[in-house]
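For the sequence shown, full-length UniProt numbering gives the first residue as 1, with consecutive numbering after it. Glycine included, each C-beta is placed from N, C-alpha and C at the ideal position.
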Amino acid sequence: MRRKVSFIAHKMQMLFYRLTPMRHWYQRITPKNVQYDFWAGLTGAVMVLPQGIAFSLIAGLPPEFGLYSAIVVQIIAGFWGSSLHMVSGPTIALSIVIPNIVSNYAAMGSPEYIGLSLTLMLIVGVIQLAFGLFRLGGLVNFISHTVIIGFTAGSGVLIMLSQLPTYLGIDIARGLSFIDKWGAIYQQLPHIHWHSFIVATVTLITAISLRIYRKKLPFMLLGMIAGAVTASFLGGEEAGIAMLGALPEKLPRFIAPPFDILKISAMIPSAFALALLGLIEAVSIARSLSIRSHQRIDGNQEFFGQGLSNIIGSFLSCYVGSGSFNRSAVNYDAGAKTPFALLFSSLIVATVIITIPWITRYLPMAAMAGVIMLAGYNLFDITHIKIIARTSTNETAIILVTFLSTLFLNLEFAIYVGVILSLVLYLQKTAHPVIVEVDFSSITPAVLHQDNPPKISVVQINGSLFFGAIDHIHRTMEQYAANHQWQHVIIMAEGINLIDISGIEFLISERERLLKYGGDLYIIGLKPHVREELRKSPYWRDLDGDEKIFESTYSAFRDICKKLEIQNYRDFMRLLFHDYNKLGLN
Numbered sequence: 001m002r003r004k005v006s007f008i009a010h011k012m013q014m015l016f017y018r019l020t021p022m023r024h025w026y027q028r029i030t031p032k033n034v035q036y037d038f039w040a041g042l043t044g045a046v047m048v049l050p051q052g053i054a055f056s057l058i059a060g061l062p063p064e065f066g067l068y069s070a071i072v073v074q075i076i077a078g079f080w081g082s083s084l085h086m087v088s089g090p091t092i093a094l095s096i097v098i099p100n101i102v103s104n105y106a107a108m109g110s111p112e113y114i115g116l117s118l119t120l121m122l123i124v125g126v127i128q129l130a131f132g133l134f135r136l137g138g139l140v141n142f143i144s145h146t147v148i149i150g151f152t153a154g155s156g157v158l159i160m161l162s163q164l165p166t167y168l169g170i171d172i173a174r175g176l177s178f179i180d181k182w183g184a185i186y187q188q189l190p191h192i193h194w195h196s197f198i199v200a201t202v203t204l205i206t207a208i209s210l211r212i213y214r215k216k217l218p219f220m221l222l223g224m225i226a227g228a229v230t231a232s233f234l235g236g237e238e239a240g241i242a243m244l245g246a247l248p249e250k251l252p253r254f255i256a257p258p259f260d261i262l263k264i265s266a267m268i269p270s271a272f273a274l275a276l277l278g279l280i281e282a283v284s285i286a287r288s289l290s291i292r293s294h295q296r297i298d299g300n301q302e303f304f305g306q307g308l309s310n311i312i313g314s315f316l317s318c319y320v321g322s323g324s325f326n327r328s329a330v331n332y333d334a335g336a337k338t339p340f341a342l343l344f345s346s347l348i349v350a351t352v353i354i355t356i357p358w359i360t361r362y363l364p365m366a367a368m369a370g371v372i373m374l375a376g377y378n379l380f381d382i383t384h385i386k387i388i389a390r391t392s393t394n395e396t397a398i399i400l401v402t403f404l405s406t407l408f409l410n411l412e413f414a415i416y417v418g419v420i421l422s423l424v425l426y427l428q429k430t431a432h433p434v435i436v437e438v439d440f441s442s443i444t445p446a447v448l449h450q451d452n453p454p455k456i457s458v459v460q461i462n463g464s465l466f467f468g469a470i471d472h473i474h475r476t477m478e479q480y481a482a483n484h485q486w487q488h489v490i491i492m493a494e495g496i497n498l499i500d501i502s503g504i505e506f507l508i509s510e511r512e513r514l515l516k517y518g519g520d521l522y523i524i525g526l527k528p529h530v531r532e533e534l535r536k537s538p539y540w541r542d543l544d545g546d547e548k549i550f551e552s553t554y555s556a557f558r559d560i561c562k563k564l565e566i567q568n569y570r571d572f573m574r575l576l577f578h579d580y581n582k583l584g585l586n
């Protein structure tokens with residue numbers, strides 16, 4: 001009973017810690033730091049205003065949804081996460097995935113589509129919150145950085161392709177595949193609306209130029225202003241240039257997501273992939289910022305904060321959010337000291353929505369397409385792609401397969417393809433541990449002054465002895481044995497991190513084979529945890545562990561030489577260590 005009470009008390013304490021991460025940073029709230037946070041928040045608000053609108057359009061949602069996410073998700077994730085500087089909210093990578101999921105169940109832009117987007121956000125939030133509460137942070141480690149590079153590059157292509165019709169001022173059917181969309185655009189090329197094309201191009205060139213030559217300026221916002229001015233000069237709506245329209249003059253209100261058990265069940269696999277993608281984004285951003293700020297990051301707390309923000313956001317007209325790479329970096333560089341910077345940013349965005357919602361009425365859709373095209377291009381991590389292409393064939397294959405899967409499969413399942421390929425290549429690598437046999441050709445009967453010295457081989461194994469590697473190890477050992485006719489085998493086991501049941505059975509089988517020829521198997525240098533697990537098992541006796549498994553190298557060779565009655569064992573050991581050390585294995 002006492003143990004049960006103690007367990008419950010411990011869980012309650014852990015829940016309290018999860019609910020109150022602010023206790024780690026509230027001492028930082030000083031008048032000076034609040035001033036820094038205000039200016040960082042103002043900078044963040046200027047940056048998120050165009051992004052929130054643009055990313056909402058990518059997700060197939062009304063523009064205010066992105067701004068609401070920039071208010072609600074940003075505050076909740078910031079205050080209940082562990083990073084002092086990470087900014088959460090609408091992100092381009094998640095925005096492109098949402099229509100690929102929800103459009104399977106409702107027409108994009110319809111009321112049902114909007115409702116299911118809220119439901120999807122709720123499911124994602126519950127999954128992420130569960131990861132945080134049950135301390136499942138290690139799951140994201142199965143999705144390598146290489147998979148994310150391939151996925152985001154593919155997402156960048158899809159984002160640019162999705163905006164190309166708006167950029168050109170043409171209409172094509174929705175829901176087309178990657179290939180069909182290119183075909184539809186090609187057919188509509190004679191009908192390009194040149195005024196829209198000029199507006200989009202001016203926006204894009206302005207944003208790119210400012211980003212290159214005036215990096216500290218809000219290039220996306222200024223690019224959109226340039227596009228709006230160009231559209232006005234060309235005649236605006238009267239010239240056929242489509243406009244975004246005014247925002248609703250209200251803050252997010254409580255709306256319960258629709259609860260359709262059949263559609264929820266159908267969306268869970270996709271929501272799981274989306275939740276993982278969001279968590280990977282958040283944790284990787286938090287960790288990269290922590291390197292610069294020397295802050296300790298709690299991955300499970302980040303999971304909790306992301307999950308809670310998505311759950312609450314699903315009731316307040318938001319859509320799935322996560323950490324933003326560029327807004328987080330800007331927040332840190334702007335001098336933010338605490339998550340109060342996120343509070344100021346959210347308040348400024350809310351003020352804009354309440355006071356000047358009409359301003360977006362003058363924003364051309366073509367200008368939005370221009371900045372979104374630039375955002376899509378920015379998803380290409382060209383630097384890392386070049387490095388990986390030069391250094392690793394396997395990693396390059398992972399990028400390429402994930403990239404192509406993103407283009408031709410459902411986006412959320414492209415992540416699974418990349419993960420599976422990563423695991424397959426990893427298992428293939430671990431299934432072929434490095435095995436090195438030490439050459440003892442210098443040890444002759446004349447050197448040992450012994451007519452018939454025992455036939456001894458020393459083998460170094462670097463890798464785990466698990467079921468997937470046994471076939472490779474067995475074939476390699478058989479090949480060595482056929483060449484040298486072993487009697488006694490000494491395994492140098494410093495590089496063995498794991499021995500499962502299949503590995504133990506292999507060692508027992510190898511020992512039994514050697515015993516038939518008057519030899520034996522000796523193991524030297526097992527890691528303490530591997531040795532202890534083996535010692536506690538019933539297989540220890542089968543391996544004669546007390547006599548044949550040694551901890552230190554020199555004493556092991558000395559005892560083995562004595563047991564084998566090698567007459568001149570000192571010369572033997574001297575040559576043994578000479579040949580062994582030549583390989584740099586010791």
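Thinking just about the alpha-carbon of each residue, which of the options is nearest to the one in residue i?
i: residue 72; options: 310, 466 and 521; result: 310
i: residue 223; options: 377, 54, 370 and 49; result: 370
i: residue 259; options: 118, 93, 90 and 542; result: 118
i: residue 126; options: 414, 33, 109 and 303; result: 303
i: residue 312; options: 116, 74 and 189; result: 74
i: residue 47; options: 161, 331 and 195; result: 331
i: residue 166; options: 188, 128 and 177; result: 188
i: residue 601; options: 527, 358 and 244; result: Lying before the first or after the last residue shown, residue 601 is absent from the chain, which here runs from 1 to 586.
i: residue 159; options: 549, 533, 100 and 531; result: 100
i: residue 133; options: 306, 199 and 148; result: 306
i: residue 261; options: 55, 123 and 113; result: 123
i: residue 398; options: 186, 143 and 251; result: 143
i: residue 116; options: 540, 505 and 255; result: 255
i: residue 131; options: 64, 278, 321 and 475; result: 278
i: residue 301; options: 475, 184, 557 and 286; result: 286
i: residue 465; options: 480, 458, 427 and 137; result: 427
i: residue 530; options: 548, 542, 499 and 26; result: 499
i: residue 293; options: 335, 299, 55 and 327; result: 335
i: residue 351; options: 22, 42 and 35; result: 42
i: residue 318; options: 20, 32, 55 and 268; result: 55
i: residue 523; options: 512, 539, 513 and 543; result: 543
If you follow the alpha helix (DSSP H) that residue i is part of, which residue opens it and which one closes it?
i: residue 26; result: Unbroken run through residue 26: none, as it is neither H nor E.
i: residue 391; result: 382 to 391
i: residue 263; result: 261 to 293
i: residue 468; result: Looking at the DSSP string, residue 468 is not in any alpha helix (DSSP H), and its letter there is neither H nor E.
i: residue 226; result: 219 to 234
i: residue 54; result: 31 to 58
i: residue 121; result: 111 to 133
i: residue 313; result: 299 to 313
i: residue 532; result: 528 to 536
Just to confirm, is the Cβ distance from residue i to residue j under 9 Å?
i: residue 152; j: residue 388; result: no
i: residue 435; j: residue 490; result: no
i: residue 91; j: residue 284; result: no
i: residue 406; j: residue 150; result: yes
i: residue 402; j: residue 415; result: yes
i: residue 364; j: residue 207; result: no
i: residue 67; j: residue 247; result: yes
i: residue 211; j: residue 374; result: yes
i: residue 468; j: residue 495; result: no
i: residue 339; j: residue 81; result: yes
i: residue 488; j: residue 455; result: yes
i: residue 596; j: residue 168; result: Because the chain spans 1 through 586 in this model, residue 596 falls outside it and cannot be assessed.
i: residue 623; j: residue 108; result: There is simply no residue 623 to check, as the chain begins at 1 and stops at 586 in what is shown.
i: residue 368; j: residue 244; result: yes
i: residue 616; j: residue 87; result: No statement about residue 616 is possible, as the shown extent of the chain runs from 1 to 586 and does not include it.
i: residue 70; j: residue 49; result: yes
i: residue 253; j: residue 347; result: no
May I ask you to list the residues that DSSP assigns as paired with residue i?
i: residue 437; result: 459
i: residue 488; result: 456 and 520
i: residue 243; result: 364
i: residue 322; result: 89
i: residue 142; result: BP columns for residue 142 are empty, so no partner.
i: residue 495; result: 462
Could one say the Cβ of residue i lies closer than 9 Å to chain D's Cβ atoms, at least one of them?
i: residue 371; result: The chain inventory of the structure shown lacks chain D, comprising one protein chain alone.
**Message:** Just to confirm the assignment: which complete alpha helix (DSSP H) runs, minimum length 4, are found wholly within the segment 61 to 93?
**Reply:** Runs of the alpha helix (DSSP H) inside the segment 61 to 93: 63 to 80.
**Sequence ranges, alpha helix (DSSP H) only - wholly within the segment 156 to 194, length at least 4** = Segments of the alpha helix (DSSP H) lying fully in the segment 156 to 194: 178 to 188.
**Item:** Segments assigned beta strand (DSSP E), at least 3 residues, entirely inside the segment 333 to 416
**Value:** Assignment of beta strand (DSSP E) within the segment 333 to 416, counting only whole runs of 3 or more residues, yields no such run.
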